[in-house]
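See structure below.
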Amino acid sequence: MNWSRRDLLKYGVFAMPLAGVGCIPRRPEARLLSSLAPLPAPFQTPLPRLSVARPIQISADTDLYDFTVRPAVARILPGLTTQIWGYDGNFPGPTIEARCGRRVSLRLRNQLPVPIVNHLHGGRTPPEYDGYPTDLILPPGFSIDHPHDPLARISAGEYEYMYSNDQRAATLWYHDHRMDFTAASVWRGLAGFYILRDPDEDHLPLPRGEREIALLICDRSFEADGSLRYPLRDPKLVSPPAMLDDYMGGVLGDVILVNGAPWPRLEVDAVRYRFRVLNASNVRRYELTLDPVPRGGLPFIQIGSDGGLLAAPVPQRNIRIAPAERFDLVIDFAQFKTGSSVRLLNTLASGRTGEIMRFDVTKSAPDDSAIPAKLSDIPIPSGDRALITRDFDFSFSRLSREWLINGKPFDPARMDAQPKLNATEIWRIQSDFSHPVHLHLVHFQILEHGGRPGPFDSGWKDTIDLAPGEGASILMRFEGYRGRYVFHCHNLEHEDMRMMANFEVI
Ligand code: C2O
Ligand code: CU
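Convert by adding 416 to the 1-based position in the sequence shown; the result is the number in this note's numbering.
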């Protein structure tokens, strides 16, 4: 391999230790982008309650929602304002409450200066509504000069997505998915919860109502004037690549937001609460723990995962959550003294990003909730029915400076796998680096993850976090719909830098 001095300078090789022989640039690590605005003191802002979206029309089998996606001004840091992009002007977007078996139609009107695409993450969705990265909703009057995908469904101004909710109850989320710009658009605010419920879950005595709280955790950075800071190459977010070369390993923020507020606090009664936790960060991983740790050392009872309730509750010392993963957790605040404060920490970081939020245990109260020993029915995973095994390697190309799957960059024109409808397959995935791998359409079970199933692998998953050099085997059935879908790394900068591929259910 021959690298000119110009290349080496361009890639900043001289500033980096070299990997192996020859002048080969290293894999780009995620980089911290520090805020220029002063960081607020922690635990001052009350945890925001996320607004619940109201349907504009309710028919026998469908709830119709109508969101305008537009710039808006948010108050995130004290004394400053922040321009965000939001669903109906909200960051996080309004929570959609859905019922299994009842359809949701979501009409999005694009009033941003750039195209949008919406993906319901974890949804079993027909391909035309899944938010394929080139299925753009253009802003009114916007034209694209080089449509790179002849199959793209381009709409002008608005589009109506239909979600059949023909799947089990789960904590889903929706977010932007535009090819090359997902990272920057989600960073500006395009993400929200979609909570799917069913009668089986309703009948369980789990904490509910005021004691069931969704927590969207993400990191962001801010300019001195309070605006969001992101290392954009094109400030208009139109010509790729979106981010500066130095940040293609991922962008880490230094402000931790929960439901859009920096390091918030929540007053709780000394009873059980259910938290649906989503890591909506571009790349940051969290290892959640409580401080103090209650007696017995197991602060969390995990009851659910990406794809809904587990078969049985799992007490956990800590919870490792990668981008796009969801964990459904019960915390019993009766384990703490009333009047005490309990911090939710991230043990993977130190300093300010090592803190997330604080619970203030205000008073005792009656608690009629319980965590049943059996939560739901989940088949024991068995590879026996899988007729096809496929291998996918997620790794960085030092030559092309892109993140690749099986050595290839994302190309809408190339089909990388064609599973048959209703076929069960095993996919073996291998990773060079940290990659949270996500498949659209299906939920899978983890057969093996770095040698055996990991402590956070039970239940149905749609995202699996691979550590550097790790491999995993996942098992799934391609149910629901025929058509074209993507799978990709959910480190959003990796995704935008091409770590995405196609499968077509045939
Ligand atoms: Cu959460 Cu393809 O995405
Ligand atoms: Cu990745």
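Cβ coordinates follow ideal geometry from the N, Cα and C atoms, glycine included.
Leaving aside the five residues before and after Ala476 along the sequence, list all residues of the same chain whose C-beta is less than 7 Å from its C-beta, in chain order.
As a first step, residue 476 is located in the sequence shown; it is residue number 60 there, counting from the start. Cβ within range, chain order: n/a, list empty.
Using the Cα positions of Met664 and Leu648, report the straight-line distance between them to the nearest angstrom.
Indexing the sequence shown from 1 puts residue 664 at position 248. Indexing the sequence shown from 1 puts residue 648 at position 232. The straight-line gap from Cα to Cα measures roughly 11 Å.
Give a single yes or no on whether Phe808 has its beta carbon closer than 8 Å to a heavy atom of the ligand CU.
Walking along the sequence shown from the start, residue 808 turns up at place 392. Not under cutoff, so the answer is no.
Assign Met916 to one of two classes, buried (16 or more other C-beta atoms within 10 Å of its C-beta) or exposed (fewer than that).
Stepping through the sequence shown from its first residue, residue 916 is reached at position 500. Counting Cβ neighbours within 10 Å, Met916 comes out buried, since at least 16 surround it.
Got a sec: does the ligand CU put a non-hydrogen atom nearer than 8 Å to the Cβ of Met831?
Indexing the sequence shown from 1 puts residue 831 at position 415. Not under cutoff, so the answer is no.
Residues in the same chain with beta-carbon distance under 6 Å from Asp873, minus the five sequence neighbours each way, listed in chain order, please.
For the purposes of this step, residue 873 is taken as residue 457 along the sequence shown, with counting starting at 1. The beta carbon of Asp873 sits closer than 6 Å to those of Ile862 and His865, all from its chain and outside the five residues before and after it, given in chain order.
Given Asp565, which residues of its chain have a CB within under 6 Å of its CB, disregarding the five upstream and five downstream residues?
Here residue 565 refers to the residue found at position 149 of the sequence shown. Only Thr550 and Pro828 meet the Cβ criterion.
Relative to the alpha-carbon of Lys652, which residue among Phe597, Asp641 and Ala446 has its alpha-carbon at the smallest distance?
On the sequence shown, position 236 is the one that residue 652 refers to. Comparing Cα positions, the closest option is Phe597.
Taking 9 Å as the threshold (C-beta atoms), are Arg690 and Val777 in contact?
Along the sequence shown, one-based indexing puts residue 777 at 361. Along the sequence shown, one-based indexing puts residue 690 at 274. Here Val777 is not near Arg690, since their CB atoms are 9 Å or more apart.
Just checking, does the segment 809-816 make contact with the segment 838-857 on the three C-beta pairs under 8 Å criterion?
yes
Taking 8 Å as the cut-off, does the CB of Cys905 come closer than this to any heavy atom belonging to the ligand CU?
The sequence position of residue 905 within the sequence shown is 489, counting from 1. Under cutoff, so the answer is yes.
For Ala599, which residues from the same chain have a beta carbon less than 6 Å from its beta carbon, with the 5 sequence-adjacent residues on both sides left out?
As a position in the sequence shown, residue 599 is number 183, starting the count at 1. Asn698, Leu908, Glu909 and Asp912.
Local Cβ density within 10 Å of Lys877, reported as buried at 16 or more and exposed below that
In the sequence shown, the residue the question calls residue 877 occupies position 461. When all chains shown are included, Lys877 counts as buried.
Here's a check: name, in chain order, each residue in its chain whose Cβ is nearer than 8 Å to the Cβ of Arg519, leaving out the five neighbours to either side.
Looking up residue 519 in the sequence shown gives position 103. Same-chain partners within the cutoff: Asp477, Thr478, Asp479, Met578, Tyr579, Ser580 and Asn581.
Enclosing beta strand (DSSP E) for Leu815 [first to last residue]:
Residue 815 sits at position 399 when you count from the first residue of the sequence shown. No beta strand (DSSP E) holds Leu815; DSSP gives it neither H nor E.
With a threshold of 8 Å (Cβ to nearest heavy atom), would Trp876 be considered close to the ligand CU?
In the sequence shown, residue 876 corresponds to position 460, counting from 1. Outside the cutoff, so no.
With three or more beta-carbon pairs closer than 8 Å as the criterion, would you say the segment 525-543 touches the segment 586-597?
At 8 Å Cβ cutoff, the stretches touch.
To the nearest angstrom, how far is it from the Cα of Pro454 to the Cα of Arg814?
Residue 454 sits at position 38 when you count from the first residue of the sequence shown. Residue 814 sits at position 398 when you count from the first residue of the sequence shown. Taking the straight line from one Cα to the other gives about 37 Å.
Residue(s) in a DSSP beta bridge with Met664
For this step, residue 664 is matched to residue 248 along the sequence shown. For Met664, which the question treats as bridged, DSSP gives no partner whatsoever.
How many Å lie between Ser601 and Trp501 at the Cα?
For the purposes of this step, residue 601 is taken as residue 185 along the sequence shown, with counting starting at 1. For the purposes of this step, residue 501 is taken as residue 85 along the sequence shown, with counting starting at 1. Rounded to whole angstroms, Ser601 to Trp501 spans 8 Å at the Cα level.
Proximity to Lys753 [Cα-Cα], best of Pro542, Val687 and Ser721:
The residue given as residue 753 occupies position 337 in the sequence shown. Ranking the options by Cα distance to Lys753, first place goes to Val687.
Go ahead and label Ser780 buried or exposed: buried means 16 or more other beta carbons lie within 10 angstroms of its beta carbon, across all protein chains shown.
Within the sequence shown, residue 780 is the residue found at index 364, counting from 1. Exposed is the call here.
Less than 6 Å between C-beta atoms, sequence neighbours within five positions excluded: which residues of the same chain meet that for Ala738?
As a working mapping, residue 738 is identified with position 322 in the sequence shown. Result list for Ala738: Arg701, Pro852 and Asp881, in chain order.
Given a threshold of 16 other Cβ atoms within 10 Å of its Cβ, counted over all protein chains shown, does Val674 qualify as buried or as exposed?
The sequence position of residue 674 within the sequence shown is 258, counting from 1. With 16 or more Cβ atoms within 10 Å of its Cβ, Val674 is classed as buried.
How many whole angstroms separate the CB atoms of Thr879 and Ala740, which I take to be in contact at a CB cut-off of 8 Å?
Counting from one through the sequence shown, the residue named residue 879 turns up at place 463. Counting from one through the sequence shown, the residue named residue 740 turns up at place 324. Indeed, because the Cβ distance is near 5 Å, the residues count as touching under 8 Å.
May I have a chain-ordered list of the beta strand (DSSP E) segments no shorter than 3 residues that lie completely inside the segment 510-550?
519-526 and 534-537
If I measure Cβ to Cβ from Arg844 and keep anything under 6 Å in the same chain, skipping five residues before and after, which residues do I get?
If you number the sequence shown from 1, residue 844 lands on position 428. Around Arg844, the same chain offers Asp807 and Ser889 as residues with beta carbons nearer than 6 Å, after the five sequence neighbours per side are excluded.
Separation of Leu891 from Pro835, as counted between CA atoms:
As a first step, residue 835 must be located in the sequence shown, where it is residue number 419. As a first step, residue 891 must be located in the sequence shown, where it is residue number 475. Answer to the nearest angstrom: the Cα atoms are 13 Å apart.
Taking 8 Å as the cut-off, is the beta-carbon of Trp589 closer than that to any non-hydrogen atom of the ligand C2O?
On the sequence shown, residue 589 is found 173 positions in, with the first residue counted as 1. Result yes, Cβ under 8 Å from the ligand C2O.
Limits of the alpha helix (DSSP H) - the one that Ala600 falls within
Locating residue 600 in the sequence shown gives position 184, where the first residue counts as 1. Thr598 to Trp603 is the extent of the alpha helix (DSSP H) around Ala600.
With respect to 8 Å, is the separation between the Cβ of Ala658 and the closest non-hydrogen atom of the ligand C2O below this value?
The residue labelled residue 658 in the question sits at position 242 within the sequence shown. Checking every heavy atom of the ligand C2O against the Cβ of Ala658, none is found closer than 8 Å.
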